[in-house]
Structure formats: C-alpha cells, structure tokens
DNA sequence: CTGAAAGCGCTTACAG
DNA sequence: CTGAAAGCGCTTACAG
C-alpha cells in the first residue's frame, strides 16, 4: 500500500499474463480462459487493484459518467426521480455527476460545459434549455441528452416526461366535475408550472368557467408560501372555493394556515397540490394531488441509456403520463 | 463540429504554438506571454475547444472530482448541506459525484470503491464508516476524506461536524429549564439520532428526571411518522408533556395529528424537532428545533479542500456546533 | 484464447 | 517565455 496504487501491469505480472488479458478479464470475463481468469482474480485480490476509471475513460469510448443537472436539491420535486435515477445508474456501473443549475437555471451553460469536458456518456436535464445555440451544441456533441419531466415537441435528443399543459387541463376537468366554481391558482414562476396553469385556465374557460385568479410565487416553492398564499386570499375580489397549488408543499402550508384561521378543509375551502409527494397522503386532511411516476421516469431513462450503449433504436419522446390522485382535500 | 472533438493540438496548431504552451495557458495563464495568450484564446474560441478533463486527470495529479456520499436525497436532513457543498465546490472548478449509500449505508463500500476508482481528490461522507478495514483503506488511499455532521474522536482524516451527544444534552437542559417534566423521545434508527437520544437521557436523569420513554422509528424519517408517533402516545403508561422528535418532519407530522385530535400545541403537548429546516419556522405553531449550520459545514469542507490543495496544515476535528432555536412549539 | 504495440489527450520536468 | 519528449494507466484492433 505504501507508495503508488497498483496498476494493471502489476496485476498482469503477478498473474503471469499480459496487461491486455487483464483488461479483457475486467471488461468481458467470458472471453478469457477460466484458469487464466482465476489467476487474474487472485492477483487482483492480492494487489488490492482498483481500476483507474480516468484511464479507462480516456482509452475507451465510454466514461460511464452520467451528468444529472437539476435546479436544486434542498427541496425539489425532482428529488424522488433523481434518487431513483442515481440508484438505477449506479447499479449499472455508472457514476453520477450531480450539478446544480440554480432555480432559474442560470448556471446551466456552465454546468453543461463542465459535463462536456468530463466526456460524460449522457447528460440528463430537468431544467429546460431555451437557448437555441446551446441546444445545437448539445445535439452535435455526439452524446445522449435526455430531457426529463417535460415533453418538448422537438427534443434535443430524447425526452422522457409528460405534457404539463395536459396535466393542467386534466386538473381543471377533475375539479369541474367535482362541482367547484371558483378556482384560484398559486403558480411557481417556472416554465412548467406556468404551462400547467395555462392548461388549467384554457380548459376551465373552455368549459364555461370564468378566468381563475392567479398568484405567482417564487421558486423553489415551499411550505411557507402556502401560508402566505392563504393570507393573500383576503385580497381577492371573490373568495375561491378551491385553491390549486403548484406543489404539495404549498398545499400543505395553505391547509395549515387555513386551519389555524378556523377554516375547515375541504368543507369551506378545497385545496389541491402537485407531485404526489409522500406527505400528500400523510397530511390531515390528505391532499388531492397529481402523481408523476418518478421511478418510471428513472426506468425509462435507463432504457434509453441501455439502448444507446447497445446501439439500438429508441423513441425520442417517451410519455410517462400523470394522474390525479383524489383524496380528502378536494 | 463534424467528426471528433478538437484537441489541444488543434488549438496549438491554429495559434502557432506547442501543445505545452496551450496547456500552460489553460492552467496558469499568467506564465505565458500576453500576446501568445491572446492568440491561444482566439484559437480556443474558433475551434470550440473543450478541455478533456479525463485526460487532464490522468496526466495531472488532481482530478477535480469530489465524491459526496449521502444516505439518500429524497428527504434528507443533509440536503441543505449537500446543496451548499455542491455550490461551493462547483464555483471552485470541481465536479461532484453524488453517490447514494442507502438508509442503512449498505452501499457504502461499493460507492467508496467506485470513488477510489475514479481517483477523486476527496471523499465527503455523511454516513458513518464503522468498518475498521475500510477506515484503514481510506486512510492509506492518499486522498482527502472528510466525515461530516459527526465529530468522531479519531477521524479517518478530517471531520467537520458536532457532537450529537452534546446536542442531546443541550436539548435536555433546555426543556428542563422550561419546566417540562415528562419527555418522550421519537428516535430514528440511526447512530447519530440514537447518540442524541442517549445524551438527552443521560443529562435528563443526571438532573434528577426519570428515564424518558422512547419510540424508535425507521430512517429516513418523514412527516407520516409524526402522525403515527402521536397515535402511539396512547399506549404509554403516563402521558408526556413534551415530545422530542428526531427531525422537524416528525415534529410537523406529530403537531398536525395532535391538532386534528383537538390537542393544542404547546399548551397541552409541547413538541421539539431537529435540523431547523425552513418549515420549522413556517409551521403553525412554529417549531422549536435545533439548528445545524449546513452552510457553515460546506464552507469548512471547502477550507479543508483548499488547504489540502495548497499543501498547508489543517485541523482534523472542526466543531461547527449547534444551537436550540426556541419557538412556539415548546 | 492471448500478446505486442499504438493510441486516447492531456501535463510536466528538462532544456534552452 | 516556450518546445520536444516522456509518461499518466488504460483499451483495442491486429496477429497469431
């Protein structure tokens, strides 16, 4: 252990074979003779050899490094998806470089450049790349680029997600059917939340409702905003009968504040969330939310990655859908 | 753009210098002549050159890759710290490999090996490495290893954190001073939570209190457990006057359930959390919690890393402390 | 099934 | 301030 790390050569010397054979054993054990393999295995054991993956990446065509770019992780609706993705990727022998791009994605360019420099096999995005030049650069970089959570018409490479507009429309349909009349929207300032809100509004008005009122809040959204949003209700011209929140955290905070004010949910005021986080089912009352299957997204991402590694064809737009989870709060 | 990525050689050729000079310009611009630097800059621009960091890592002594190993990120008390750390590291030109070790750290060994294979400059741990052999391996790996959140007597290399036992003792002191008589502890099954609970119990009994009752819950802890914990109160021989929760999420859930049962917090039942998450200050009532300065931990981690890069000395145990944040709930 | 050799794209003494 | 050359530790045709 003193001094330098053992190298492939050291293992080869001890096993009495060439470095090439050890390399083959490491990458496709089935191609080396069983007896040779056994000797190599023993030598690896004895030397405490750990493959230098930087060298492997440089010499080979794959780095087995995947970059995941997310706005934040302190309190992000993507966390479940990211966790599931990291788990899947790791079990497949990959390492994940996690980069934070900031709530408004202002560090996106820098982090994409960094990922490109590391020669990652793939970049997984949760934020939206709106810059046309950057989209082109990613396209011509020759690596897999997966946009998740959204489902753009013309993906950079592959997209795994759902239509946020359709999700908004679905929520409008659901609430109308339940008989609500005056929805109020609490909308985080992110492209996707806004798209859901627009979908909601379009559908709601199309079905004969009047335009829902709307409160915009900063991202990332959190519990405290729900409390503030509740208090903002007093300023509205007419009281809403249901508040459609951009996230479950906002919904939870709003319910807590309403209850503190002696308002019963959903009798006097109904509330819906988004994301179907664990707390939505645990809250009192339980929160009606919209479920996005993060584990499914993670699996589809893996499917794409494996297809690319194998050189097989894969769809470029994978819709994982969404569904309303009706609970007590609305 | 068609074909391969531009290399150092391409830039060198266009600028009319050698690859060595371009490399120098990239790593220490001040050492090349201003005019030469300008030509190189231009060539980089024109070729769209992006340094291959895998090659840089292999040839040089630093990879500028840092591994951060955390149990999970779906709902982790470490998230704020990890986010602050990633931000700090990225702004210093590093990339962060995030690895998930699982709630009970069962993937710790695998992920450490992976990090070692990537030849990371440093490994940042949040979980506890209890395996003696692994601790030895990390010690002799010749890289920086930073254990965070805890403060072991004999760190593998450097530790940045605080004494969980002392934190438990401090909470006992605080509650006794407030006049509470019968604390009940809700303890996640993690070494550190248990240490805090032990510290609490020791101190409480030392000050003349009788042994607090205790409920153990799974990790990672979450909102729903607080609700269950509240319901478990009915089974206790005597009703507690304060519930000491292992996390703010548990505290929040417990408060919601208590209120749903018509119990007023803190008048009829006081509650404390741990972690001082944002929601602690936003909840109704606001939650008395224990603050751990995640941003401070992140800064200290950076200080260690920079000291190591510069080859200067650094302490091996850095205590960032903790403090009780007294709010409405207790 | 295995080996010799070239190459991946950088960095870094060593000279000048 | 700059260049020629060796080396970082692997992989992968090419031969046999």
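Protein chains in written order, with UniProt numbering: chain A, 1 to 330; chain B, 1 to 330.
Positions of the beta carbon are idealized from the N, C-alpha and C atoms, including for glycine.
Secondary structure of residue 270 (chain B) (DSSP, three-state): strand. Distance check between residue 199 (chain A) and each of A:164, A:261 and A:118 places A:164 closest, using alpha-carbon atoms only.
For residue 97 (chain B), the chain A residues whose C-beta falls within less than 9 Å of its own C-beta are 65, 95, 96, 97 and 98, listed in chain order. A direct Cα-Cα distance of roughly 14 Å separates residue 20 (chain B) from residue 44 (chain B). Using a Cβ-Cβ cut-off of 8 Å, residue 58 (chain A) counts as an interface residue toward chain B, since at least one Cβ of chain B sits closer than that to its own. Listed along chain B are 72, 73, 74 and 100, each with a C-beta nearer than 9 Å to that of residue 83 (chain A).
Contact with chain B is absent for residue 134 (chain A), since none of that chain's Cβ atoms lies less than 8 Å from the residue's Cβ. Spanning the alpha carbons of residue 154 (chain B) and residue 235 (chain B) requires a straight line of approximately 41 Å. For the stretch 30-51 of chain B, the set of residues with a beta-carbon nearer than 9 Å to any beta-carbon of chain A comprises 48, 50 and 51, in chain order. Contact between residue 70 (chain B) and residue 101 (chain B) holds, with the beta-carbon distance rounding to 7 Å and staying under 8 Å. About 7 Å separates the CB atoms of residue 287 (chain A) and residue 271 (chain A); that is less than 8 Å, so the two are in contact. Cβ neighbours of residue 254 (chain A) within its own chain (closer than 8 Å, five residues either side excluded): 186, 226, 227, 229, 230, 243, 245 and 271. Here the stretch 67-84 of chain A lies against the stretch 291-310 of chain A, with 3 or more beta-carbon pairs under 8 Å apart. For residue 323 (chain A), the three-state secondary structure derived from DSSP is strand. Between residue 82 (chain A) and residue 40 (chain A), the gap from beta carbon to beta carbon reaches 8 Å or more.
In this structure, the beta-carbon distance from residue 160 (chain A) to residue 42 (chain A) does not fall below 8 Å. Distance from the CA of residue 307 (chain A) to the CA of residue 16 (chain A), rounded to the nearest whole angstrom, comes to 37 Å.
In the structure shown, residue 65 (chain B) falls within a strand segment according to DSSP collapsed to helix, strand and coil. Uninterrupted beta strand (DSSP E) stretches at least 3 residues long and entirely within the stretch 136-215 of chain A occur at 144-149, 158-161 and 183-188, given in chain order. In the same chain as residue 192 (chain A), and ignoring 5 residues on each side of it, the C-beta atoms closer than 8 Å to its own belong to 128, 149, 150 and 164, in chain order. The residues 288, in chain order, have a CB closer than 7 Å to that of residue 326 (chain A) in the same chain once the five nearest residues on each side in sequence are set aside.
Residues are counted here when their Cβ sits less than 8 Å from a Cβ of chain B; for the stretch 254-274 of chain A these are 256, 257, 259 and 260, given in chain order. Taken in chain order, the members of the stretch 212-230 of chain A whose beta-carbon sits within less than 7 Å of a beta-carbon on chain B are 222, 223, 224 and 227. Against chain B, a Cβ distance below 9 Å from residue 90 (chain A) picks out 99, 100, 107, 110, 111 and 114.
About 13 Å separates the Cβ atoms of residue 172 (chain A) and residue 214 (chain A), ruling out a contact at the 8 Å cut-off. Counting only the Cα atoms, residue 221 (chain B) lies some 40 Å from residue 238 (chain A). For residue 9 (chain A), no Cβ of chain B is located within less than 8 Å of the residue's own Cβ. Remark: C-beta atoms of residue 267 (chain A) and residue 162 (chain A) do not approach each other more closely than 8 Å. The beta carbon of residue 257 (chain B) lies closer than 6 Å to those of 227 and 230 in the same chain, with the five residues before and after it left out.
Annotated three-state conformation of residue 303 (chain A) is helix, per DSSP. Counting other Cβ atoms within 10 Å of its Cβ, residue 34 (chain B) stays below 16 and is therefore classed as exposed. For residue 154 (chain B), no Cβ of chain A is located within less than 8 Å of the residue's own Cβ.
Just so you know, the alpha carbons of residue 18 (chain B) and residue 316 (chain A) end up roughly 43 Å apart. For residue 6 (chain A), the closest alpha carbon among the candidates B:48, B:174 and B:119 is that of B:119.
Nothing from the stretch 288-308 of chain A brings a Cβ to less than 7 Å from some Cβ of chain B. Of the other Cβ atoms in all chains shown, fewer than 16 fall within 10 Å of the Cβ of residue 177 (chain A); this residue is therefore exposed.
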